[in-house]
Structure formats: structure tokens, C-alpha cells
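A.B. asks: Okay, handing you the structure first.
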Amino acid sequence: MKGAARTVGRESTRVTRYDRPGQEHEPVLRPHMGDLRSAEATVLTGVQVKQSKLGAARRNRAMIAVAVVTALDIGVVALGFAAATAGDYARGTRVLGVDIGGMTTPQARPLVERAAAERTARKLSVTVGTKRVQVAPTTAGLSFDVDGTLADARADRGVASLLQGLGDGLDVPPRVRADQARMGELLETAASRVDRDKVEALIAYRGTRPRARAPRPGRALDHKASAAALRTALATGASSANLVVKTVHPTVSVAALRAALAGPARTAVASPVMLRGGGHTVELSPARVAAALRFTADGRGGLKPVFDAEKALKGLEDRLVKDSVAPRDARIELVGGEPKVIPSRNGKGVDRKALATAVEKVVTKRSGRVVSVELIPRKASFSTADAKKLGVEEKLGSFTTNYTPAPRVTNIRTIARILDGHLVKPGETFSLNGVVGKRDKARGFVEAPMILNGRYVDDVGGGVSQFATTMFNAVFFSGMQDVQHTPHSFYISRYPAGRESTVSYPQPDFRWKNNSPHGVLVDTHSTDSGLTVTFWGTKRYDIESQSSKPYDIKNFKSIDDNDKDCIPMPGAKGFTIKVWRIFKNDGAEVKREEFRTVYQPEPKVTCTHKAAGG
């Protein structure tokens, strides 16, 4: 039984008081106030004076008795409170399950520290989405603030004493500290497992046909709520915690996507958009519009057109801006046999942002699809200062190969013309196929023999391997980094053994990297009898070449071919050879690189068909 129990009767009041559960005091008898009121109500006349005095005396005795009992009660309560608050902590005070009531702080601290260590050592079963992992509280950066918790317990002495007087105790919530860096690291790891970006609706084009990407909700870990869940689990002694994952909804509905797909997306490519500028009108065909257009989320639940003006203007801007006002990039050219910087010029160009905005306004209309192009000041993208910083000042390396008149010479000279004056900036990787592209008749390439599967066959652009070989040697003697070169399958006597490269489209490519801090200018010069490729820049090394003798010699076989397209081959032995590139500074070797090349035997092919070339 807790608290005070009272029994009320006519003659007296019985009061039973408990200082603590199980500690019962003797009942105290108090006169009933009704008796006193009856005495006061007696009429005082004549012989009743003695009765009045007797009532007054009784009344005085009753009031004295009440006062004495009240004083005794207060004293007992005071004694109980004093007993409950002995030490630094009231009796019944508990921290982390440890009863520290009546203890001093030096007595309580080691007990609480031990309980804190035990709880911190227990791993939490943490649920992240559909996965469950065991996590040590310390991994999450969680620990108990024992001193802070004990301070809270001292501050709660009055509440604890009151609860103790009511037969209960006080559990003081422990303070939990979190190392934000470690907690953040744990939550980032958890987020990497559950986070998934939402996917907004999108309309793009394949050709001129709109294609839709459906929206999809994502999910994201709620870092703040998840950290709170981990702290609460440790504080309460729970064995598990659930990290909070929120659903992230896309802004565009499927219905809105379908409406845009059936309407604005089709209207946008139904007819051309006309651009007017520089005294000219330029048509953006539906195909060009489609290639530069997308419909993306507008943030209000719908889709809006987004136009890439830079992409749409490719190859067209010079028709909208007069040459006299267009910006001009700086160039590096050979003048009198020496590299010279041709200055840049600032000018005016099409305002891309304004053009994009204007096209986005008219592209969903069926008529009035005309846009006036605005010009704004535009700097040269490659200034005079930029060109001078490249340090193209001296010859790095050069190589020459010779040829006799043949169809392949046309191809060699065509590719040399395309690459003459090409500038490779520091850190850039040059790709012959990337710069020149597919060899075709439209650009002047013709059919000529090339090696395919160990035999000569005719192909458009055949023979350009001689250009690749010549450039490879310029790379070699300029000290540039070889990235990709492929020797011919069998040795061709017009090239230096082990220092040559074939090329075809799209593979094998020929690639090298400008690994110097300066620019490299490619200078090509071709005649009817030979090709020279020279690199200009800032010289870092003197390069020497050394070669082994051919070894692992292999004989060739003879073939009679009756095919009408047969091309005769003289035959040559196969062999292996090593070449070393030696880097020197001031005559001292700095490093060397080895190139090992294996040549297969070249078959001797005799063409027996009357229509064949041999």
C-alpha cells in the first residue's frame, strides 16, 4: 500500500502515514470537528455557564491536540525527506539501471562508468532499408556523458525525493554524446547502400521521333532522424535501431508526361525554326532542332523545352555573323621557316543564352517559328597570350620517308594537308583517326593497296600507313609519349625496322601524347617523291636510336593465286628486332625505352590469273 490511508468515523479521525513502503506508524486519534461545532452551538444561559466553560475548555483542548498532531506530522515528513536526500543523490535515483540513491558522486561515478562501458560495448542491430547490420555504438561515434548525467541526477534530487516518498524512484535519462564526424561517416556509408536518386520524366529524340523516360521515385536516408534513432537506442538500452529512409517523389506525373509527349514534343519538330542574323536567314531543320532539344521537369509538375544553342549552332554561326566582326583565334604558323604567333582578334558572336530562350518560346508553336539572332561581344577562345604561353619556338624532331609515284601517294599527301599546322596542347593525346576521320573519296582519298590478313588488297585511303610511320618517327625523336602504335604484320623495306606503324579506320589507330609542358606544332611537307613531318615546341631532350640485329629469322612460303584481284608480293623473311630510344641531356643519358617488334614472314605471291596485276 502506498501513500496515506485514512479511516473516517463519527467520534474521531484515524490517520495512517507511511514514510516508506512497509513502514507504518501508530494511528493518531483526532477529535471530530463536528463535536466542537456542537459545543459552540450550545446556548449560554443561567445555569448553563458552567456548561459553556466546559465547552470552551474542551474546544481549547481539541485545538491544542490538532496543533500537536500537525507538528508531529511535519516533523516526521521532514525527517523522511532528510533521510531520502542523504548523500548527493536522493534515494531511488537510478542511472543506466544502477541505483545511486544516497551515494556521493565519487561513489556513484565508477558504478555508472562501468554500466556505460558495458552498454557501449554491446552492438546494435541496425536496420537500413531491407538490410540489417551489427554496429558498435563507438563506430557511430556514440558515447555516454557520465559527468553530465550525474549532474542531471543531482539537479533532480527534489523530484526523486518526492517520487521516493510516493513509493517510486527516478530513472535519470543518460546524456549521449555523438562525434559528428564518425556519425556522419557511418550515415554516409548507410546512405550509399539505400539512397537512390529520383528519376524525373524526360523527353528526348531519336532522329525526329520523341522518346520518353518515365518518372521513378527515389529514396534517401534521413540523416537527422537516423542519428536520433541511434542515440535513443543507446540511451534506452534497446538492442536494435531502424534508420529512417524517406521516399523522394518526382515532380512530373505519368499523365503529364503523356500529355507532353502527344502534344508539345511532336509540335516542336513538325517544321523548321528560322534564324535571322547578319543579313542572312538560316534554317534549323527539324532534325537539327531535335538533336538540340529536350523536355525536362519544370518544377511545377510539367515539362518544359530546353534548347542547346551551342549544339544547334555548330557549323552555322559563320553564316549568321559577318567575318569582319567575328572573333578570330590566335594561330601559330611557320613564317620564313620559323614558328610565329598570328594575333587573335575579339569580335561579336551569337548570344547563345538569348537564342536558347527565344527558340524555347517558339518551338512549341505551329506558326511564327522565326527568331532574330542577337550578337554580343565575344572574345577569341584562343588568345595571343595563350599562344605565346605554349612556347612553340624551336624544332623538336623531324623525319622523312620517300615514295615512288603510285595511287597511295595521293592519300599520303591528302592526309598531310589535313594535319599541317595542327596544334597539340600540353597534356593532349593526338589520335590520327580522331583528327582525320574515315578516309573517303569526298575528301580526295583514292583506292590504293593496304595489308589485310597478310595480303595486299585495294581500299580507299590505302597507303596512309606511310604517313603514320613518318609521324611515329617524329614522335620518337621529339621525345613525345607513344600511346598506341601497331607495326606492320611483315617488314616493309622502305621503313626503319622496329620504328614504323600501320593505321586503318577505325582500328588500329595511331596515338601519341604531348607529355611536355609546352605546345607541339605539327608541320608537314610533301612532294611527289617524299614526306617530311616536323614537330616544333620547346626542346627537352636529345634523342638517339639504337637497334639490335634481327634475330629469330623465319623463312617465307610461296603462293600461287589464280584470283583476278590478286596483287603479287615479293616475299621476305620474318624476324624479331629490338629498338631503344635513348633520352639525353647535355650528353648524359637520362633514360631509355625499349620497343620490341616481331615481323611475320611475307609470303611470295605469284598471280596466275590473266586479269590479275601480276
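Each residue of the sequence shown is one higher than the one before, starting from 145 at the first, in the working numbering.
Note that the Cβ used here is the ideal one computed from N, Cα and C, for glycine as well.
(1) Sort 693, 719, 694 by Cα distance to residue 700 and report the nearest one.
(2) Just the C-alpha distance for residue 361 and residue 393, rounded to the nearest angstrom, thanks.
(3) Which of the three DSSP states is assigned to residue 428 in this structure?
(4) Per the DSSP calculation, residue 542 is bridged to which residue(s)?
(5) Counting only runs that start and end within the stretch 391 to 464, where is the beta strand (DSSP E) found for 3 or more residues in a row?
(6) Between residue 641 and residue 691, how many whole angstroms is the CB-CB distance? I'm expecting something under 8 Å.
(7) For residue 210, which of helix, strand or coil comes out of DSSP?
(8) From 723, 657, 679, pick the residue whose C-alpha is nearest to that of residue 628; which is it?
(9) Name the residue from 293, 631, 432 whose alpha carbon lies nearest to the alpha carbon of residue 321.
(10) Residues in its own chain within less than 6 Å of residue 500 by CB, not counting five upstream and five downstream?
(11) Tell me the DSSP bridge mates of residue 574?
(12) Residue 461: buried (16+ other C-beta within 10 angstroms of its C-beta) or exposed?
(13) If we count Cβ pairs, one from each stretch, closer than 8 Å, do we get three or more for the stretch 350 to 365 versus the stretch 243 to 255?
(14) Look at residue 276 and residue 270 and say whether their C-beta atoms are less than 8 Å apart.
(15) Taking 8 Å as the cut-off, decide whether the C-beta atoms of residue 232 and residue 298 are in contact.
(16) With distances taken Cα to Cα, identify the nearest neighbour of residue 388 among 381, 374, 398, 724.
(17) Figure out for me which residue from 340, 281, 411 has the closest Cα to the Cα of residue 385.
(18) Using only alpha-carbon positions, find the residue among 379, 523, 573 that is nearest to residue 655.
(19) Which of helix, strand or coil does DSSP assign to residue 356?
(20) Could you say if the stretch 714 to 732 and the stretch 641 to 650 meet the contact criterion of at least three C-beta pairs nearer than 8 Å?
(21) Check residue 569 in the structure and name its three-state DSSP category.
(22) With a CB to CB cut of under 7 Å and the five nearest residues on each side skipped, what residues in its chain are close to residue 527?
(23) Mind checking who residue 386 pairs with in its DSSP beta bridge?
(24) I think residue 696 touches residue 728, with their Cβ atoms under 8 Å apart; what is that distance to the nearest whole Å?
(25) For residue 592, list the residues DSSP reports as bridge partners.
(26) How would you write the range of the beta strand (DSSP E) that residue 619 sits in, first residue to last?
(27) Could you compute how far the alpha carbon of residue 242 sits from the alpha carbon of residue 341?
C.D. replies: Taking the structure as given:
(1) Walking along the sequence shown from the start, residue 700 turns up at place 556. For the residues 693, 719, 694, the minimum Cα distance to residue 700 belongs to 719.
(2) Counted from its first residue, the sequence shown places residue 361 at position 217. Counted from its first residue, the sequence shown places residue 393 at position 249. Straight-line Cα distance between these residues: approximately 5 Å.
(3) What you label residue 428 is simply residue 284 of the sequence shown in a count that begins at 1. Strand.
(4) Here residue 542 refers to the residue found at position 398 when the sequence shown is read from its first residue. According to DSSP, residue 542 bridges with 678.
(5) 417 to 421, 424 to 428, 437 to 441, 447 to 451
(6) Taking the sequence shown and counting its residues from 1, one reaches residue 641 at position 497. Taking the sequence shown and counting its residues from 1, one reaches residue 691 at position 547. Their Cβ separation, rounded to whole angstroms, is 7 Å, which keeps residue 641 and residue 691 in contact under 8 Å.
(7) Counting from 1 along the sequence shown, the entry for residue 210 is found at position 66. Any answer about residue 210 is weak, because its pLDDT of 41 lies below 50 and its placement is not dependable; what the coordinates show is given next. The answer is helix: DSSP assigns residue 210 an H, G or I state.
(8) As a first step, residue 628 must be located in the sequence shown, where it is residue number 484. Here the closest residue by C-alpha is 657.
(9) Position 177 of the sequence shown, counted from the start, is the residue given in the question as residue 321. With distances taken between Cα atoms, residue 321 lies closest to 293.
(10) As a first step, residue 500 is located in the sequence shown; it is residue number 356 there, counting from the start. Correct list, in chain order: 451, 453.
(11) As a working mapping, residue 574 is identified with position 430 in the sequence shown. 656, per the DSSP bridge assignment.
(12) In the sequence shown, the residue the question calls residue 461 occupies position 317. By the neighbour-count rule (16 or more Cβ atoms within 10 Å), residue 461 is buried.
(13) no
(14) The residue given as residue 276 occupies position 132 in the sequence shown. The residue given as residue 270 occupies position 126 in the sequence shown. In this structure, residue 270 lies closer than 8 Å to residue 276 by Cβ.
(15) In the sequence shown, the residue the question calls residue 232 occupies position 88. In the sequence shown, the residue the question calls residue 298 occupies position 154. Against a cut-off of 8 Å, the Cβ pair of residue 298 and residue 232 comes out as a contact.
(16) Taking the sequence shown and counting its residues from 1, the one referred to as residue 388 is at position 244. Closest by alpha carbon: 374.
(17) What you label residue 385 is simply residue 241 of the sequence shown in a count that begins at 1. Of the candidates 340, 281, 411, the one whose C-alpha sits nearest the C-alpha of residue 385 is 281.
(18) Within the sequence shown, numbered from 1, the residue matching residue 655 stands at position 511. Residue 573 is the option with its Cα nearest to residue 655.
(19) Here residue 356 corresponds to residue number 212 of the sequence shown, with the count starting at 1. Residue state, collapsed to three classes: strand.
(20) yes
(21) As a first step, residue 569 must be located in the sequence shown, where it is residue number 425. Assignment of residue 569 by DSSP, reduced to helix, strand and coil, places it in the coil class.
(22) Counting from one through the sequence shown, the residue named residue 527 turns up at place 383. 474, 488.
(23) Locating residue 386 in the sequence shown gives position 242, where the first residue counts as 1. Answer is 271, bridged to residue 386.
(24) Start at 1 with the first residue of the sequence shown, and residue 696 comes out as number 552. Start at 1 with the first residue of the sequence shown, and residue 728 comes out as number 584. Between residue 728 and residue 696 the Cβ distance is about 30 Å, and since that is not below 8 Å, they are no contact.
(25) Position 448 of the sequence shown, counted from the first residue, corresponds to residue 592. Bridge partners of residue 592: 603.
(26) For the purposes of this step, residue 619 is identified with residue 475 of the sequence shown, where counting begins at 1. Element bounds for residue 619: not the beta strand (DSSP E) but the alpha helix (DSSP H), 609 to 622.
(27) Numbered from its first residue, the sequence shown carries residue 242 at position 98. Numbered from its first residue, the sequence shown carries residue 341 at position 197. Going from the Cα of residue 242 to the Cα of residue 341 covers about 46 Å.
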